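Enquirer: Structure below; questions to follow.
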Ligand code: HPA
Ligand code: ZN
């Protein structure tokens with residue numbers, strides 16, 4: 001079997017996916033209309049034209065504006081179910097979904113509304129498609145640590161629905177050290193820990209995420225490669241990176257897929273995985289990420305098998321369930 005057919009068919013796990021980043025323009029228009037919320041675009045084409053980014057912040061401004069049409073439980077259900085339909089089509093059998101409660105609670109939408117809609121879609125996806133999923137609650141790093149503490153507090157009634165906490169949004173100027181206390185409190189509550197680090201920020205932020213936040217997995221982590229000691233640490237400690245190729249080119253973290261560092265990461269012995277991050281904004285879901293990176297870097301079948309097995313090995317699934325896929 002050729003590599004592209006293999007990657008389409010093989011069961012995969014996705015470990016870095018923002019549910020708000022799966023908001024396709026068509027659904028955005030539909031929900032905006034039924035909720036009578038104005039958006040600054042007249043057509044789907046106009047929305048797509050706006051998706052030209054020079055950096056992470058360019059994208060985040062548009063991403064938060066898009067999410068502002070989400071008001072009701074049904075909206076969060078529809079958003080999440082649309083993503084699960086892509087998973088079903090692409091043989092994603094397990095996914096660990098990030099959601100940003102503060103993006104919604106800041107607008108007066110309750111934590112309960114957000115998580116109830118997502119949870120109902122998770123249950124339906126498991127029942128109808130056999131897809132398992134976990135939730136990762138991400139703190140917005142451009143907001144204060146106090147704000148994150150409030151979010152942690154709000155999450156506690158739904159602790160049984162949340163597997164991990166994460167850290168996303170504007171990285172530069174908002175280092176992991178800003179959130180050391182709230183991550184320590186999150187660990188105490190039993191949450192697993194991830195954080196975006198080394199996407200636009202320096203290797204130093206990856207060290208902080210490891211040393212101060214006690215992360216179990218790194219989101220992105222590209223800039224780790226600038227620090228040899230850090231690379232050695234990641235390899236020795238089997239610290240996985242959730243890499244997002246099409247996100248990296250869309251946000252100009254990497255100039256060209258041909259220069260993408262994922263092959264180098266594998267060569268160095270880093271546990272890399274392939275993920276879509278915000279597929280509605282960055283040009284494709286997980287299979288598209290795999291196929292484009294396979295073609296750009298001429299990855300071998302063996303390398304692709306490693307990436308797929310890493311996606312299960314470094315998931316938060318229990319060891320028994322992992323065995324089914326490894
Ligand atoms: N980086 C940081 N924050 C985000 C991203 C990302 O790629 N996607 C959604 N929020
Ligand atoms: Zn991300």
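In the UniProt record's numbering, the protein residues as written are 1 to 326. Glycine is no exception: its CB is placed at the ideal position from the N, C-alpha and C atoms. Treat the numbers as computed from the prediction; the structure is a model and nothing was measured.
(1) Unbroken beta strand (DSSP E) runs of length 3 or more, entirely within the stretch 231-307: which are they?
(2) So, for residue 37: in the same chain, excluding its five sequence neighbours on each side, which residues have a beta-carbon less than 6 Å away from its beta-carbon?
(3) Going by other Cβ atoms of all chains shown within 10 Å of its Cβ, with 16 needed for buried, is residue 141 buried or exposed?
(4) Which ranges would you report for the alpha helix (DSSP H) in the stretch 49-128 if only whole runs of at least 4 residues count?
(5) For residue 172, report the span of its beta strand (DSSP E) as first-last.
(6) Is residue 301 buried or exposed, if buried means 16 or more other CB atoms sit within 10 Å of its CB?
(7) Would you decide whether residue 261 is buried or exposed? Buried here means 16 or more other CB atoms lie within 10 Å of its CB.
(8) Can you list, in chain order, the residues of its chain whose CB lies under 6 Å from that of residue 129, leaving out five sequence neighbours each side?
(9) So, residue 92 versus residue 164, is the Cβ gap smaller than 8 Å?
(10) Which residue wins for smallest C-alpha separation from residue 197, given the options 74, 84, 241 and 83?
(11) Please report the distance separating the alpha-carbon of residue 227 from that of residue 193.
(12) Return the chain-ordered list of same chain residues with a C-beta closer than 7 Å to the C-beta of residue 203, the five sequence neighbours on each side being excluded.
(13) Pull up the DSSP beta-bridge partners for residue 197, would you.
(14) Thinking just about the alpha-carbon of each residue, which of 273, 189 and 146 is nearest to the one in residue 157?
(15) Applying the 10 Å Cβ sphere with the 16-neighbour rule, what's the burial state of residue 155?
(16) Based on Cα-Cα distance, which residue from 175, 125, 120 and 110 lies nearest to residue 150?
(17) Skipping 5 residues on each side, what residues in its chain have a beta carbon closer than 7 Å to that of residue 330?
(18) Check whether the Cβ of residue 16 sits closer than 7 Å to any heavy atom of the ligand ZN, and report yes or no.
(19) Would DSSP call residue 165 helix, strand or coil?
(20) By DSSP's criteria, residue 1 is part of a beta bridge. Which residues make up the other side?
(21) State the CB to CB distance for the pair residue 27 and residue 58, rounded to an integer number of angstroms; the pair is presumed to be in contact (CB under 8 Å).
(22) Pick helix, strand or coil for residue 213, following the three-state DSSP scheme.
(23) I'd like to check one pair, residue 53 with residue 251: are the Cβ atoms closer than 8 Å?
(24) Strictly by DSSP, which residues pair up with residue 139?
(25) In whole angstroms, what separates the C-alpha of residue 143 from that of residue 82?
Expert: Taking the definition as stated:
(1) Uninterrupted beta strand (DSSP E) stretches at least 3 residues long and entirely within the stretch 231-307 occur at 241-243 and 272-274, given in chain order.
(2) Mapped onto the chain shown, residue 37 falls at position 37. Within the same chain, residue 37 has close Cβ partners 69.
(3) By one-based count along the chain shown, residue 141 stands at place 141. With 16 or more Cβ atoms within 10 Å of its Cβ, residue 141 is classed as buried.
(4) If we require 4 residues or more, the alpha helix (DSSP H) runs fully inside the stretch 49-128 come out as 56-67, 73-90 and 101-105.
(5) Taking the chain shown and counting its residues from 1, one reaches residue 172 at position 172. Here residue 172 belongs to no beta strand (DSSP E), and DSSP marks it neither H nor E.
(6) Position 301 of the chain shown, counting from 1, holds the residue named residue 301. The C-beta of residue 301 has fewer than 16 other C-beta atoms within 10 Å across all chains shown, which makes the residue exposed.
(7) Taking the chain shown and counting its residues from 1, one reaches residue 261 at position 261. Residue 261 should be labelled buried.
(8) Along the chain shown, one-based indexing puts residue 129 at 129. Contacts found: 88.
(9) Within the chain shown, numbered from 1, the residue matching residue 92 stands at position 92. Within the chain shown, numbered from 1, the residue matching residue 164 stands at position 164. With respect to the 8 Å criterion, residue 92 and residue 164 are not classified as neighbours on the basis of their beta carbons.
(10) Locating residue 197 in the chain shown gives position 197, where the first residue counts as 1. Closest option to residue 197, Cα to Cα, is 241.
(11) Walking along the chain shown from the start, residue 227 turns up at place 227. Walking along the chain shown from the start, residue 193 turns up at place 193. Answer to the nearest angstrom: the Cα atoms are 23 Å apart.
(12) Within the chain shown, residue 203 is the residue found at index 203, counting from 1. The answer, listed in chain order, is 223, 224, 226, 227 and 230.
(13) The count along the chain shown starts at 1 and reaches residue 197 at position 197. Answer by DSSP bridge pairing, in chain order: 220.
(14) Looking up residue 157 in the chain shown gives position 157. Out of 273, 189 and 146, the CA that lies nearest to the CA of residue 157 is found in 189.
(15) The sequence position of residue 155 within the chain shown is 155, counting from 1. Within 10 angstroms of the beta-carbon of residue 155 lie 16 or more other beta-carbons, which makes it buried.
(16) Counting from one through the chain shown, the residue named residue 150 turns up at place 150. Ranked by Cα distance from residue 150, the first of 175, 125, 120 and 110 is 110.
(17) Given that the chain is displayed from residue 1 to residue 326, the structure contains no residue 330 and the question cannot be resolved.
(18) Stepping through the chain shown from its first residue, residue 16 is reached at position 16. Yes; taking the cut-off as 7 Å, the Cβ of residue 16 has a heavy atom of the ligand ZN nearer than that.
(19) Here residue 165 corresponds to residue number 165 of the chain shown, with the count starting at 1. Here residue 165 sits in strand by DSSP.
(20) Your numbering for residue 1 matches position 1 in the chain shown. According to DSSP, residue pairing for residue 1 in a beta bridge does not occur.
(21) For the purposes of this step, residue 27 is taken as the residue at position 27 of the chain shown. For the purposes of this step, residue 58 is taken as the residue at position 58 of the chain shown. About 22 Å; that fails the 8 Å criterion.
(22) Indexing the chain shown from 1 puts residue 213 at position 213. Residue 213: coil per DSSP, three-state reduction.
(23) For this step, residue 251 is matched to residue 251 along the chain shown. For this step, residue 53 is matched to residue 53 along the chain shown. Taking 8 Å as the Cβ cut-off, residue 251 and residue 53 qualify as a contacting pair.
(24) Numbered from 1 along the chain shown, position 139 holds the residue referred to as residue 139. BP columns for residue 139 point to 167.
(25) In the chain shown, the residue the question calls residue 143 occupies position 143. In the chain shown, the residue the question calls residue 82 occupies position 82. Roughly 29 Å between the two C-alpha positions.
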